[in-house]
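Encoded as structure tokens, the structure appears first; notes follow it.
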Amino acid sequence: MFFGKALLCSQCGWRTVCGHEELASRLRKLGLFRRASNPPADLVDEVLQVNAQRLTCDSCHATGLLIVEADDASLSNRSEQDDWQQAILCEICHKPVPPERLDIFPTARRCVACQDAADRGAEPLAVEYCTKCGALLEMRVSSAGGITRYKQFCTGQPACRL
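Per our numbering, the sequence shown starts with residue 7, numbered consecutively.
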């Protein structure tokens with residue numbers, strides 16, 4: 007059984023099928039599930055229904071996506087003509103990878119700008135959250151005894167001790 011939802015934009019026609027983890031990631035960007043690293047599927051489904059109007063389209067950035075059930079049957083019934091023109095989204099910035107780039111590099115998963123940044127060593131860092139309170143963690147310099155150390159500190163109020 008496939009657990010997933012299809013997200014549809016009524017403004018530009020953009021659509022995508024998201025699994026449990028991607029739905030939780032999209033809701034995390036709205037400030038939800040900060041403390042739950044792996045929320046249960048039924049909770050994600052319930053929170054998704056309540057906050058559907060706050061989700062934004064990856065293509066036109068319009069708010070208020072439509073959410074429909076996506077099961078294996080509905081995915082396999084789509085025609086091949088619909089699938090061949092579906093855009094590949096960059097795994098970093100989530101913008102469409104240009105078709106010209108895919109003609110040259112068929113397995114490309116990043117747009118030119120993000121791939122150039124990765125080649126220069128400027129990989130984006132994943133945001134980390136405090137395991138106790140769910141607030142953002144930030145890296146600070148901690149120098150004690152003449153040795154410089156980098157430690158992560160909680161930005162919550164009051165700050166937790168890690």
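All C-beta atoms in this analysis are idealised placements derived from N, C-alpha and C, irrespective of residue type, glycine included.
- Query: Looking at E134 and S161, is the spacing between their C-beta atoms short of 8 Å?
  - Reply: Correcting the residue identity first, residue 161 is Thr in this sequence and not Ser. Contact: no.
- Query: Since Q163 is in the beta strand (DSSP E), which residue starts that stretch and which ends it?
  - Reply: No beta strand (DSSP E) contains Q163, which DSSP labels as neither H nor E.
- Query: Is it the case that the Cβ atoms of L14 and V74 are separated by a distance below 8 Å?
  - Reply: yes
- Task: Taking C24 as part of the beta strand (DSSP E), name the residues at either end of that continuous run.
- Result: 21–24
- Query: Are the CB atoms of L71 and A58 nearer to each other than 8 Å?
  - Reply: yes
- T94 - partner residues in DSSP beta bridges: Strictly speaking, residue 94 in this sequence is Ile, with Thr absent from that position. Bridge partners of I94: none, in fact.
- Message: Mapping the DSSP letters down to three states, classify A114 as helix, strand or coil.
- Response: coil
- Would you check if the distance between the CB atom of A76 and the CB atom of A12 is smaller than 8 Å? yes
- Task: Using beta-carbon positions only, say whether C96 and C120 come within less than 8 Å of one another.
- Result: yes
- Query: With DSSP run on the structure shown, which of helix, strand or coil describes S16?
  - Reply: coil
- Message: Could you tell me the alpha carbon to alpha carbon distance between I94 and R115, rounded to whole angstroms?
- Response: 7 Å
- Message: For a test of the three-state rule: what should DSSP assign to K101, helix, strand or coil?
- Response: coil
- Message: Quick check: what's the CA-CA separation for L33 versus P46?
- Response: 13 Å
- Cα separation between R155 and R146? 8 Å
- Item | S148 versus R167: straight-line alpha-carbon distance, rounded | 14 Å
- Query: Given a threshold of 16 other Cβ atoms within 10 Å of its Cβ, counted over all protein chains shown, does A30 qualify as buried or as exposed?
  - Reply: buried
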